[in-house]
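Notes to accompany the following structure.
There are 2 protein chains.
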Amino acid sequence: LQNRTIVRFIARTMPRAPSSVAPGSPEPPAGRPVPKGRQTKAAIVDAALNLASQMGLEGLSIGALAELTQMSKSGVFAHFGSREELQISVIRAYHQRFEEEVFFPALQAARGLPRLRALFANWMQRVAVEIQSGCIFISGAAEFDDRPGPVRDALVGSVKSWLAALDKAVTQAKQEGDLRADADARQMAFEIHGLILALHYEERFLHNPGSLHRAEAGFEHVLERYGNPDAVASTVPSDVRPRARVSTPSRPSRSKE
Amino acid sequence: LQNRTIVRFIARTMPRAPSSVAPGSPEPPAGRPVPKGRQTKAAIVDAALNLASQMGLEGLSIGALAELTQMSKSGVFAHFGSREELQISVIRAYHQRFEEEVFFPALQAARGLPRLRALFANWMQRVAVEIQSGCIFISGAAEFDDRPGPVRDALVGSVKSWLAALDKAVTQAKQEGDLRADADARQMAFEIHGLILALHYEERFLHNPGSLHRAEAGFEHVLERYGNPDAVASTVPSDVRPRARVSTPSRPSRSKE
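Protein sequence lines correspond, in order, to chains A and B.
Here our numbering is used: position 186 in the first sequence is 221, and no number is missing along the way.
Here our numbering is used: position 191 in the second sequence is 226, and no number is missing along the way.
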């Protein structure tokens, strides 16, 4: 029942196939139309991505996609050899969208701390959307964590390539002198990843207000630990106000409750 | 197919109902035997908890439980009015096990930083087990994050009561003077929660080696930020070696790649 409600909700808010190209698809070169079959496939993948964000990759069904795209089940199935291939296409589409929204725009920022800040800010923006819609990097991890196979491999590969990009940005920030020479890139990326996961969990699942601000404050704390203070201070966004440090209080005697 | 493989695996490794009491069940008072019906129900819940850890709460089925406990389907069903009630019983059982393994033993440690450290150490131990078995607090969040109803409510209530206990331990550590007076309990608990989530994600899903050590190091970093240095240093476990701080390097000119 709930599955069908979501399918209808998504159907009301998305463009129809095959007359429209999916929003994430590349623009066709001028004067050279994209073949109709490829347009249709892109539209199905886009619908599948919307559905998977809400229902999980395991929630994907040919029937629901046929309803969403107003195609026949056999018409949908003809574009994918198997449900597994459909799931992998969705992971690739998500990966591409993630790169376009989070990774590529951050390359415009100067190498070092500005770029690392941009990566985190773009990631936060992506998660803020996914607090409503769900995230297949997170729900997919829970679905496939102990299920070996090509879907799991595609998902792990996608997440790992993103975390490797984050590691690289940290390493570059070290090379630029923005971070301390002993900063451990993998450790720092791990702590940042934790903030994103806590944000998604506490805001989307627990509905704890203030999680967005907590993730931002947590990121500043990570930078305070690993950063060159001048670089951190000179790149702090205007909407993040680090709290003033106060002196450590004297310790009262320890009691046991 | 995979579902049945897991059911058989769990069946081989667990005690049989109704002759045995589930490991998490309270000891019967001496001389007053526990009614057989209650024993059976406890054994079913225990089998269901094992199954749900691996398959998710949505992976629970009366059929699989009947196979696991070697009972009839109607026999299993008689103990629960609905599948939803079975799921809620599993959440309650998990909550009880979590309290017994993580929360109650930490109350033996002195109030303040020693207790906060004990809570984290016990939590880490629980997660280390769940890297193999799965965790219904995490997989359940992905399953029920946008599905209102009594199962979601039970799961959210359970997680929130645990996070509230963590907040309280932080607040007590502040009162004891172990943490800085301006330490924000909710912020600190959020950052700790992130480390646990990153550990589960990176170790269980990505199979990244070293995640356990990274979560431990991250916890020390959180304490470095919020703690009274004397209290942090005097309570550091012998197996955690904080890295020496080195001087900040001079910054080379910024290049753009």
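Ideal Cβ positions, reconstructed from N, Cα and C, are used throughout, including at glycine.
Fair warning: this is a prediction, and the values are worked out from it, not measured in the lab.
If you draw a straight line from the alpha carbon of residue i to that of residue j, how long is it in whole angstroms?
i	j	result
B/Leu-241	A/Pro-272	32 Å
B/Ala-101	A/Ala-199	45 Å
A/Arg-187	A/Ala-177	11 Å
A/Leu-148	A/Phe-138	15 Å
B/Ile-173	B/Arg-132	16 Å
A/Asp-180	B/Val-111	29 Å
B/Lys-71	B/Ile-97	20 Å
A/Gln-167	B/Gln-105	42 Å
A/Ile-126	B/Pro-140	42 Å
B/Ile-231	B/Glu-238	11 Å
B/Ala-208	B/Leu-214	6 Å
A/Leu-151	B/Glu-226	19 Å
A/Glu-119	A/Gly-184	9 Å
A/Thr-270	B/Val-205	31 Å
A/Asn-263	A/Gly-116	52 Å
A/Asp-293	B/Gly-91	Outside the displayed span of chain A (36 to 292) sits residue 293 of chain A, for which this structure offers no information.
B/Ala-252	A/Glu-259	16 Å
A/Arg-289	B/Gln-143	Bear in mind that a pLDDT of 46 at A/Arg-289, under 50, signals an unreliable position, so the model cannot answer this.
B/Ala-153	A/Trp-158	33 Å
B/Glu-93	B/Arg-182	12 Å
A/Ser-246	B/Phe-254	19 Å
Does the CB of residue i have a neighbour CB from chain B at under 9 Å?
i	result
A/Gln-222	yes
A/His-130	no
A/Phe-139	no
A/Phe-240	yes
A/Arg-260	yes
A/Arg-249	yes
A/Phe-133	no
A/Glu-62	Because the pLDDT of A/Glu-62 is 47, which lies under 50, any placement of that residue in the model is unreliable, and the number read from its coordinates should be weighed accordingly. Not one chain B Cβ lies under 9 Å of A/Glu-62.
A/Glu-226	yes
A/Glu-237	yes
A/Pro-272	no
A/Leu-201	no
A/Gly-72	no
A/Leu-230	yes
A/Gly-59	Caution is warranted here: a pLDDT of 44 is assigned to A/Gly-59, below 50, making its placement in the model unreliable, and the coordinate value is therefore given only provisionally. No, no contact with chain B.
A/Thr-206	no
Could you check whether the Cβ of residue i sits closer than 9 Å to any Cβ belonging to chain A?
i	result
B/Ser-96	no
B/Arg-286	A caution first: B/Arg-286 carries a pLDDT of 42, below 50, which makes its placement in the model unreliable, though a value can still be read off. Closer than 9 Å to some Cβ of chain A, the Cβ of B/Arg-286 qualifies, so yes.
B/Ala-2	Summary: the structure shown does not reach residue 2 of chain B, with chain B confined to residues 36 through 292, and so no result is reported for it.
B/Ser-109	no
B/Ser-124	no
B/Ala-252	yes
B/Ser-246	yes
B/Leu-103	no
B/Gly-116	no
Reducing DSSP to helix, strand and coil, say where residue i ends up.
i	result
A/Val-56	At A/Val-56, the pLDDT of 39 sits below 50, so the modelled position is not reliable; the number obtained from the coordinates is stated separately. Coil, per DSSP.
B/Leu-214	strand
B/Gly-253	helix
B/Gly-192	helix
B/Gly-296	Any property of residue 296 of chain B remains undetermined from this structure, which presents chain B solely from 36 to 292.
B/Pro-272	coil
B/Phe-219	In the sequence on display, residue 219 of chain B carries Asp and not Phe. In the structure shown, B/Asp-219 sits in coil (DSSP, three-state: anything other than H, G, I, E or B).
A/Gln-143	coil
A/Met-90	helix
A/Ser-117	coil
B/Ser-109	helix
A/Arg-127	helix
A/Asn-243	coil
A/Pro-185	helix
B/Asp-81	helix
A/Ser-96	coil
A/Gly-72	helix
A/Gly-169	coil
B/Asp-19	Any answer about residue 19 of chain B is impossible in this case: the structure gives chain B only from 36 up to 292.
Rounded to the nearest angstrom, how far is the Cβ of residue i from that of residue j, given a contact under 8 Å?
i	j	result
B/Gln-122	B/Leu-95	6 Å
B/Leu-86	B/Ala-99	6 Å
B/Cys-170	B/His-235	6 Å
B/Val-80	B/Ser-124	5 Å
B/Ser-193	B/His-130	4 Å
The segment 163-178 of chain B: positions lying closer than 7 Å to chain A by Cβ:
Gly-169, Ile-173, Ser-174, Ala-176, Ala-177
Give the residues from the segment 80-91 of chain B that approach chain A closer than 8 Å (Cβ to any Cβ), ordered along the chain.
Gln-89, Gly-91
Compile a chain-ordered list of the residues in the segment 180-197 of chain A whose CB is closer than 7 Å to at least one CB of chain B.
Asp-180, Asp-181, Arg-182, Val-191, Val-194, Lys-195
What residues from the segment 146-158 of chain A come within 8 Å of chain B, judged by C-beta to C-beta, listed N to C?
Arg-146, Gly-147
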